[in-house]
Amino acid sequence: MLNAIKVEAAAGRRRAAGLLAAALLAGGLAGCNTADDQRMAYFDNDYRIRHPIVISNEPATLDLPVGMRGGALSGEFVEAIHNYVADYRESGTGGITIQVPTGSANEIAAAQTGSAVNQVLVQAGVSPAAIQVAPYAFGDRRRMAPLRLSFLKVQAVTPRCGVWPRDVSPTFADSTHYNFGCAGQQNLAAMVANPADLVQPRAEQPANGARRAKVVTDYQQGAETKSSSTLIDYDLNAE
1 MLNAIKVEAA AGRRRAAGLL AAALLAGGLA GCNTADDQRM AYFDNDYRIR HPIVISNEPA
61 TLDLPVGMRG GALSGEFVEA IHNYVADYRE SGTGGITIQV PTGSANEIAA AQTGSAVNQV
121 LVQAGVSPAA IQVAPYAFGD RRRMAPLRLS FLKVQAVTPR CGVWPRDVSP TFADSTHYNF
181 GCAGQQNLAA MVANPADLVQ PRAEQPANGA RRAKVVTDYQ QGAETKSSST LIDYDLNAE
């Protein structure tokens with residue numbers, strides 16, 4: 001009788017231990033599941049991950065219309081090329097390519113204009129080694145094709161907005177819709193002056209010692225420390 005009681009007690013302890021182990025395992029799995037859910041919720045709500053700003057080299061082109069007579073460039077074309085070179089110096093990578101059309105009605109005139117454009121590029125400060133001439137197929141001899149300049153430009157780009165993969169009706173989930181933040185990312189990518197700053201900020205420049213000394217002196221003397229520049233005040237009601 002005593003032995004039977006001992007066996008039953010031991011079996012009860014084993015069952016209790018088994019239930020405790022199962023409860024601990026279930027709790028651990030539930031904790032992992034909660035952590036995974038939290039991570040997924042973070043990624044779903046972070047618009048910077050959904051709509052990342054990517055730094056890439058995008059082509060910057062300038063099309064120059066060419067008639068049936070080529071060679072000479074107007075003053076407007078020369079000015080446009082100089083502005084194009086200024087943009088190339090600021091954010092361009094590699095060289096500039098002069099793309100001459102082939103198979104067009106103005107094929108010969110475009111080739112002559114390409115030589116004139118080459119000279120203007122050199123006059124604007126572009127190294128001759130950085131200028132490349134390449135043909136591009138147009139394939140319609142009844143129509144005239146433009147002469148095209150191109151270079152690779154460092155730009156900040158974002159994915160296309162207006163994507164709605166999920167229902168945006170009210171739910172109990174505390175999350176934003178997929179398109180949230182996309183417009184802001186596109187505006188930031190368009191406004192940044194140097195896209196490389198999004199990857200690594202530029203080094204801090206030294207302070208203007210002369211300006212700082214003047215501000216401190218004016219402050220000690222009780223004078224105004226702001227700049228002396230003033231805005232023009234227009235009276236819209238004046239006759």
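Going letter by letter, the sequence shown gives residues 1 to 239 in the numbering used here. The C-beta atom is built at its ideal place from N, Cα and C for all residues, glycine as well.
Which residues DSSP lists as bridging residue i, in chain order
i, result
"P59", "L152"
"D140", "S104"
"Q99", "A134 and R148"
"L64", "L147"
"T93", "L152"
Beta-carbon proximity check, residue i vs residue j, cutoff 8 Å
i, j, result
"S127", "A60", "no"
"D63", "R148", "yes"
"E58", "Q185", "no"
"I55", "V199", "yes"
"T102", "A137", "yes"
"V100", "A124", "no"
"A110", "V66", "yes"
"H177", "V163", "no"
Simplified DSSP assignment, three categories, for residue i
i, result
"G125", "coil"
"V157", "strand"
"G209", "helix"
"G162", "coil"
"V54", "strand"
"T225", "coil"
"G114", "helix"
"G71", "coil"
"R202", "coil"
"D218", "helix"
"D46", "coil"
Spatially closest choice to residue i from the options, by CA coordinates
i, options, result
"I98", "V54, R89, Q112 and D218", "Q112"
"P52", "A189, Y136, P165 and Q220", "A189"
"H82", "G162, N106 and Q119", "Q119"
**Study point:** Within the stretch 169–199, ranges of the alpha helix (DSSP H) (whole runs, at least 4 residues)
**Key:** DSSP runs (the alpha helix (DSSP H)) wholly in the stretch 169–199: 182–191.
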